[in-house]
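S.K.: Here you go, one structure.
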Amino acid sequence: MSRLIVISNRVSAPKGSQSGAQGGLAVALASALREHDGLWFGWSGERIDTFTGEIDYQVNQGVTTATIDLEDQDIDEYYNGYANRTLWPLFHYRVDLAEYERDFAGGYQRVNARFADMVAPLLEADDVVWIQDYHLFPLGDELRQRGCGNRLGFFLHIPWPPRRLLSILPEAAELVRRMFAYDVIGFHTAEWLESFLDFVRLELGGTIGADGIVTLGDRSVRALVCPIGIDTPEFVELAAGVPARLAYRKMRDSADGRDMIVGVDRLDYSKGLEERFLGYERFLVEHPEERKEVFLLQIAPPSRGAVGSYQRIRDTLQGLSGRINGAYADVDWVPIRYVNQGYGRDTLAGIYRAAKIGLVTPLRDGMNLVAKEYVAAQDPEDPGVLILSRFAGAAAQLTEAILVNPYSAEEVSDAILKAMRMDRAERIRRWRACMDSIESQDINWWRQTFLDALMLPRAGA
Ligand code: ADQ
Numbered sequence: 001m002s003r004l005i006v007i008s009n010r011v012s013a014p015k016g017s018q019s020g021a022q023g024g025l026a027v028a029l030a031s032a033l034r035e036h037d038g039l040w041f042g043w044s045g046e047r048i049d050t051f052t053g054e055i056d057y058q059v060n061q062g063v064t065t066a067t068i069d070l071e072d073q074d075i076d077e078y079y080n081g082y083a084n085r086t087l088w089p090l091f092h093y094r095v096d097l098a099e100y101e102r103d104f105a106g107g108y109q110r111v112n113a114r115f116a117d118m119v120a121p122l123l124e125a126d127d128v129v130w131i132q133d134y135h136l137f138p139l140g141d142e143l144r145q146r147g148c149g150n151r152l153g154f155f156l157h158i159p160w161p162p163r164r165l166l167s168i169l170p171e172a173a174e175l176v177r178r179m180f181a182y183d184v185i186g187f188h189t190a191e192w193l194e195s196f197l198d199f200v201r202l203e204l205g206g207t208i209g210a211d212g213i214v215t216l217g218d219r220s221v222r223a224l225v226c227p228i229g230i231d232t233p234e235f236v237e238l239a240a241g242v243p244a245r246l247a248y249r250k251m252r253d254s255a256d257g258r259d260m261i262v263g264v265d266r267l268d269y270s271k272g273l274e275e276r277f278l279g280y281e282r283f284l285v286e287h288p289e290e291r292k293e294v295f296l297l298q299i300a301p302p303s304r305g306a307v308g309s310y311q312r313i314r315d316t317l318q319g320l321s322g323r324i325n326g327a328y329a330d331v332d333w334v335p336i337r338y339v340n341q342g343y344g345r346d347t348l349a350g351i352y353r354a355a356k357i358g359l360v361t362p363l364r365d366g367m368n369l370v371a372k373e374y375v376a377a378q379d380p381e382d383p384g385v386l387i388l389s390r391f392a393g394a395a396a397q398l399t400e401a402i403l404v405n406p407y408s409a410e411e412v413s414d415a416i417l418k419a420m421r422m423d424r425a426e427r428i429r430r431w432r433a434c435m436d437s438i439e440s441q442d443i444n445w446w447r448q449t450f451l452d453a454l455m456l457p458r459a460g461a
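Numbering of the sequence shown is given in the UniProt record's numbering, commencing with residue 1 and proceeding in unit increments.
This is the structure in structure tokens:
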């Protein structure tokens, strides 16, 4: 294939980094780019007084990156503003948290135009361009306006909200119209895709044809479901490696014969951490005899600290874990170990493997890679049990996990008891089914499926 250009908001250090805040997207893209003669363009994460347009090139573990610095106003309006205070909450069904400010929308537009100004001159005729995520919806259209005739793909890593919710966004119609600059648009699940199609059809009057071809006016785009995976063989190997084995031993020793439940999430209100703690508390209340048989390890490195709702969720969780521990702890047992730092992926693999239960209960999640990593890290002879929110994209694939409604403390409590009591044969059967799914649809499958679609004859051509 010709050169692959990936564009995302942030360009993070490729995998191997110890940074815990490294998102699933970064982990996924580093492996995808390494195999292509790729270039990864995005924001460096650095602030600068005045935007210069200077590009910093680096080669890091086989991945060439090209980054720009952004100025304060850009970061406030585009990143902390429209991306994380408007789109993120709204697309995760949190209408109550979404803020609509013209300055945010303006900053978002400006930074997308800046990205296009920087990238357009770098493009060669047969480059294939793959744009990632909600920070950059209009970038394809901006590139077209600068004469770009390349194949342009867009992948959305977060949910697509139902049309009535999306209609709340003042710029919704324009935002979706501009997405027709792409050749291919990918979603994690059929549910997100259907919501997108609903909006196009019912709000904009577009038409849906065969093979996922969606037409609006004189533009057609191919829309597809393409769930992201993890690098499954690599994760299995990690879980068997020395650092993972050390972490595993340390956790088992400190568990002292108790069952460990693990949660690993960026500290984000979409991940349902507050509801998870309350579900776990319900379990402690309903099953006092099981109390000292179990503990919850919640690993949650802070993210997006500049946004008020993230500061609030941090305070709420600190208060809640303190309250629950204060209410139920004994001299020889603490119900919740709440840890606010990141760990290396190898250490995480060992921690996952040491946990009898993986508790993954987002209120909404585009996919959720932690659920898949938990499965991949298990011992095939004696696997743990995954409890998974119905509202995570991953639930469409991991149907043999114990699926729960994360808003229901009772369901979460019941699921914990069921997982603790599940016999080995059932644990193996369920784990095998989940493993089959993450083995067949791994990160390479995801990349290949999307890029194959991008290489098909153009929609409407
Ligand atoms: P995220 O919201 O970041 O990603 P997720 O898919 O769970 O969520 O990925 C998180 C990644 O960060 C995992 O690889 C995990 O191991 C890592 N991580 C989390 N906490 C960590 C810690 N304490 N230490 C080390 N690593 C940690 C967005 C969407 C998701 C979608 C992905 C990919 O919100 O729904 O699955 O993109 O498309």
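No residue lacks a Cβ here, since even glycine has one placed at the ideal position from N, Cα and C.
Once DSSP output is grouped into helix, strand and coil, what is the label at S220?
M.R.: In the structure shown, S220 sits in a strand (DSSP, three-state: E or B).
S.K.: Note the first and the last residue of the continuous alpha helix (DSSP H) segment covering F283.
M.R.: Residues 273-286.
S.K.: Within 10 Å of its beta-carbon, does Q61 have 16 or more other beta-carbons around it, so buried, or fewer, so exposed?
M.R.: The residue in question, Q61, is exposed, as its Cβ has fewer than 16 Cβ neighbours within 10 Å.
S.K.: What residue from V360, Y78, G308, E290 has the CA that sits closest to L417's CA?
M.R.: Among V360, Y78, G308, E290, the Cα nearest to that of L417 is on E290.
S.K.: Can you tell me where the alpha helix (DSSP H) holding V236 begins and where it ends?
M.R.: Unbroken alpha helix (DSSP H) run through V236: 232-240.
S.K.: Tell me which residues share the same chain as I313 and place their Cβ nearer than 6 angstroms to its Cβ, disregarding the 5 neighbours each side in the sequence.
M.R.: Within the same chain, I313 has close Cβ partners Y269.
S.K.: Where does T207 land, buried or exposed, given buried means 16+ other C-beta within 10 angstroms?
M.R.: Classification of T207: exposed, given that the 10 Å Cβ count is below 16.
S.K.: Does DSSP put D74 in a helix, in a strand, or in coil?
M.R.: Note: D74 maps to helix in three-state DSSP.
S.K.: Can you tell me whether D231 is buried or exposed, with buried defined as 16 or more other CB within 10 angstroms of its CB?
M.R.: With 16 or more other Cβ atoms within 10 Å, it is buried.
S.K.: Does the ligand ADQ have even one heavy atom less than 7 angstroms from the beta-carbon of G358?
M.R.: False, no ligand heavy atom lies under 7 angstroms from that Cβ.
S.K.: From which residue to which residue does the alpha helix (DSSP H) around S321 run?
M.R.: Residues 308-328.
S.K.: Following the continuous alpha helix (DSSP H) through M260, name the residue where it begins and the one where it ends.
M.R.: Per DSSP, M260 belongs to no alpha helix (DSSP H); it is in the beta strand (DSSP E), 259-264.
S.K.: Kindly indicate the opening and closing residues of the beta strand (DSSP E) around Y338.
M.R.: Its beta strand (DSSP E) spans residues 336-339.
S.K.: Which same chain residues, not among the five before or five after I5, have their C-beta less than 6 angstroms away from its C-beta?
M.R.: Cβ neighbours of I5 beyond the five flanking positions: L39, D127, V129.
S.K.: Say the cut is 7 angstroms; is the CB of N9 nearer than that to a heavy atom of the ligand ADQ?
M.R.: No, since every heavy atom of the ligand ADQ falls outside the 7 angstroms radius drawn around the Cβ of N9.
S.K.: Out of F91, N444, D423, L297, which has the shortest C-alpha to C-alpha gap to L359?
M.R.: With distances taken between Cα atoms, L359 lies closest to L297.
S.K.: Verify whether the separation of the beta carbon atoms of F115 and I7 is less than 8 angstroms.
M.R.: Their beta carbons are under 8 angstroms apart, which means F115 touches I7 by this criterion.
S.K.: Just verifying my parser: in three-state terms, what is the DSSP assignment at F137?
M.R.: Note: F137 maps to coil in three-state DSSP.
S.K.: Tell me whether S254 is buried or exposed, calling it buried when 16 or more other Cβ atoms sit within 10 Å of its Cβ.
M.R.: Burial call: exposed.
S.K.: Could you name the residues that DSSP lists as bridge partners for P302?
M.R.: In the DSSP output, where bridge partners are listed per residue, P302 has L267.
S.K.: With 16 as the cutoff for other CB atoms within 10 Å, does L456 come out buried or exposed?
M.R.: By the 10 Å Cβ count, L456 comes out exposed.
S.K.: Do you know how far the Cα of I68 is from the Cα of I55?
M.R.: Each residue's alpha carbon lies about 5 angstroms from the other.
S.K.: Which term fits L97, buried or exposed, when burial requires 16 or more other beta carbons within 10 angstroms of its beta carbon?
M.R.: By the neighbour-count rule (16 or more Cβ atoms within 10 Å), L97 is buried.
S.K.: With DSSP as the reference, label I213 as helix, strand or coil.
M.R.: Strand, per DSSP.
S.K.: Quick one: what does DSSP say F51 is sitting in, helix, strand or coil?
M.R.: The answer is coil: DSSP assigns F51 none of H, G, I, E or B.
S.K.: In this structure, what does DSSP give as the bridge partners for V385?
M.R.: According to DSSP, which records beta bridges pairwise, V385 is partnered with I357.
S.K.: Buried or exposed: where does G342 fall if 16 or more other Cβ atoms within 10 Å of its Cβ makes it buried?
M.R.: It counts as buried.
S.K.: For R144, count the other beta carbons within 10 Å of its own beta carbon; 16 or more makes it buried, fewer makes it exposed. Which is it?
M.R.: Buried, by the Cβ-count rule.
S.K.: Starting from G106, trace the alpha helix (DSSP H) both ways and give me its first and last residue.
M.R.: It spans 102-119 - the alpha helix (DSSP H) in which G106 sits, taken as one unbroken run.
S.K.: Put D37 into one of helix, strand or coil per three-state DSSP.
M.R.: In this structure, D37 counts as coil in the three-state DSSP scheme.
S.K.: I want to know whether the segment 222-240 touches the segment 370-390 - three or more CB-CB distances under 8 angstroms.
M.R.: Short answer: they touch.
S.K.: Can you tell me whether E46 is helix, strand or coil according to DSSP?
M.R.: If DSSP states are grouped into helix, strand and coil, E46 belongs with the strands.
S.K.: Between the alpha carbons of T86 and F391, how many angstroms are there, rounded?
M.R.: Rounded to the nearest angstrom, the two C-alpha atoms are 20 angstroms apart.
S.K.: Considering only residues of the segment 152-179, which uninterrupted alpha helix (DSSP H) runs meet the minimum length of 4 residues and lie entirely inside it, listed in chain order?
M.R.: Qualifying alpha helix (DSSP H) stretches, in chain order: 163-166, 172-178.
S.K.: For A395 versus L388, is the C-beta distance shorter than 8 angstroms?
M.R.: Taking 8 angstroms as the Cβ cut-off, A395 and L388 qualify as a contacting pair.
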